[in-house]
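Below is one structure, written out as structure tokens; comments come after it.
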Amino acid sequence: MSRRLVVIGADAAGMSAANQALRTARRTGADLEVVAVESSDVVSYSACGIPYWVAGDVDDADDLVARTAAEHRDAGIDVRLHTEATALDLDAGQVEVRDHATGTTSRLGFDDVLLATGAAPILPDWARDVPGVLAVKTLADGAAWRELLASDPRDALVVGGGYIGVEMAETLARRGLRTTLVTRGEEPMSGSFEPAMGALVRAALERAGVEVVTGTEVTDLETGPDGRVRAACVNGDPVRGDVVALGLGVRARTDLATGAGLPVGERGGLVPDDRQRLTDGVWAAGDCCEVLDRTLGQHLYVPLGTHANKAGRVAGTNLGGGDDRFPGIVGTAITRAGDAEVARTGLTSRWAREAGFDVEEVRMDSTTASGYMPESDPVTVWALGERGTGRLLGCQIVGGRGAGKRIDTAATAMWAGLTAEDVAMADLAYAPPFSPVWDPVQIACRRLAERL
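So the sequence shown is residues 5 to 456, counted in the numbering used here.
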């Protein structure tokens, strides 16, 4: 007997699940129909690439699309664009959908439904409906930014010092705008980086031409006679901004789920089990969900495309008749700030102490290649370990070319539960163009092991 899966949201998690469900169903012999509804006109795109499209590194929005709706349809998925899910009736096994093209509303029956509704940018009241003030979340946002910058604004204000804020500050400075970044944190990236490492990010942004204002926030905007933004109020003083980029984070889109009586977790996202199941016939994956942090043993809200794709694949395997589990995260992320690569994994010292860990930390400077090589750039590594067990609990890196992806060594070690000493003695690759004879992460872990 044929079963129908309805996927709500056709980006990373949703379409990973849809395709994996069909592949698994073919392998297991299950008879499965997959329908995916998407309120926009695009599917399966890289939101992470939008700042680089705005900067001009990427020529066209189509380059950010991993797979088109037509390609998904060719794979056997009934993709319905401009179709918004407006209500979920779990008792009846139906989702109410509205076709934006025709304005009609109908009901779509399902045996299973996957919620992949994603996240929405946080918009303060002062930012709503003001021309020149834009988030950076969707391809439509990217197109709007490209159009806005074509009008040759001179001053840019970036609000928020997280990943998107840092990336957009770099982007706008590269586009030749006088750029100011405002963050309420002690330093940029203060939500997930040690203050001393955030200070290195600030220095890199300043080298790139960005003025960084910390420890405060925007409270209001000044607009011109045409209603467009002209400045923002920061510490009671106006800061010029012909354009304002919002990088204040996102919130999980859970209205559809909560409207159907489904609960959310402490961080505001849906909390599926390790098979991505919420309840009988209801599944969830992606930025609408919290994820299990393997070190803390707690669910956190960490909206990243890496988790979304993996969780979608797990959900799809199970929906297609297979058996898979999402194993959690260790909190790994990377970005760029001017000439600095910025990466982190695991806990900060504050998180670790609040969670009851007895910890020790080190911070050291090295180079990305042997010091006598022309490729050699400075790099700073911070590492955190647990007393008694010697286990590596966190690592952060800020440095030049080749610094950032070294975080994967620490992330893999944390994934496997290795100690700082294990990392220090691991057999890693060495040649002068790529690393000192002791890799910087290994030096940090060796020093950490000595303290532990």
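Note that beta-carbon positions come from the ideal geometry of N, C-alpha and C, so glycine has one too.
Simplified DSSP state of residue i, which is helix, strand or coil
i, result
"W442", "coil"
"Q24", "helix"
"E190", "coil"
"C399", "strand"
"V306", "coil"
"Y376", "coil"
"I168", "helix"
"D67", "helix"
"C407", "A small correction: the amino acid at residue 407 is Ala; Cys does not occupy that position in the sequence shown. Reduced to three states, the DSSP call for A407 is coil."
"D159", "strand"
"I447", "helix"
"P199", "helix"
"T262", "helix"
"L9", "strand"
"V47", "coil"
"L274", "strand"
Residue i and residue j closer than 8 Å at C-beta
i, j, result
"V334", "R298", "yes"
"G165", "L138", "no"
"L92", "L260", "yes"
"R348", "Q400", "yes"
"T187", "A160", "no"
"V268", "V222", "no"
"V427", "L397", "no"
"G404", "T384", "no"
"P436", "S370", "no"
"A89", "V41", "yes"
"W57", "G180", "no"
"A21", "G285", "no"
"A177", "A208", "no"
"L351", "E365", "no"
"R70", "S43", "Checking the displayed sequence, the identity of residue 70 turns out to be Ala instead of Arg. Taking 8 Å as the Cβ cut-off, A70 and S43 do not qualify as a contacting pair."
Rounded straight-line distance, which links the Cα of residue j to that of residue i
i, j, result
"L452", "R395", "10 Å"
"D431", "Q446", "10 Å"
"T310", "C237", "36 Å"
"A337", "G13", "24 Å"
"R77", "G326", "23 Å"
"D115", "A96", "10 Å"
"I168", "D328", "32 Å"
"D254", "P307", "Note on residue identity: the sequence assigns Val, not Asp, to residue 254. Rounded to the nearest angstrom, the two C-alpha atoms are 8 Å apart."
"E174", "A407", "18 Å"
"G421", "D277", "22 Å"
"E151", "V10", "35 Å"
"R30", "E390", "46 Å"
"P55", "G392", "43 Å"
"W287", "L94", "12 Å"
"K314", "V47", "17 Å"
"I81", "A16", "15 Å"
"M19", "A34", "19 Å"
"A105", "Y305", "34 Å"
"V248", "A200", "27 Å"
"Q24", "H303", "25 Å"
"G272", "P125", "14 Å"
Residue interval of the beta strand (DSSP E) (run including residue i)
i, result
"D297", "295-297"
"V222", "222-227"
"D145", "D145 -> not in any beta strand (DSSP E); alpha helix (DSSP H) instead, spanning 143-153."
"S110", "109-113"
"T349", "344-350"
"P382", "382-390"
"M368", "363-371"
"L119", "116-119"
"W472", "Given a span of 5 to 456 for the chain in the structure shown, any question on residue 472 remains unanswerable."
"L92", "87-93"
"A79", "Run containing A79: none; DSSP gives neither H nor E here."
"V248", "247-250"
"D426", "Per DSSP, D426 belongs to no beta strand (DSSP E); it is in the alpha helix (DSSP H), 424-428."
"P128", "Premise fails: P128 is in no beta strand (DSSP E) and is neither H nor E."
Proximity winner among the options, relative to residue i (alpha-carbon distances)
i, options, result
"A65", "R31, L266, R410, G53", "G53"
"L36", "V46, F361, S6", "S6"
"W130", "L250, A344, A448", "L250"
"S110", "G33, V99, L181", "V99"
"T262", "G33, E75, I411, T121", "T121"
"G202", "G213, E190, A212", "E190"
"L112", "D61, V101, D133", "V101"
"A319", "C293, T416, V402, E210", "C293"
"L456", "L300, E425, W149", "E425"
"D1", "A448, A415, L127, A344", "The structure shown has nothing for residue 1, since the chain only spans 5 to 456."
"P229", "I411, R71, D381, P135", "P135"
"W386", "S196, Y305, L252, S380", "S196"
"G342", "A256, C449, L153, E215", "E215"
Range of the contiguous alpha helix (DSSP H) that encloses residue i
i, result
"P55", "54-59"
"E358", "353-358"
Residue i CB to nearest heavy atom of the ligand GDP below 7 Å
i, result
"E454", "Among the components modelled here there is no ligand, and therefore nothing to report on the ligand GDP."
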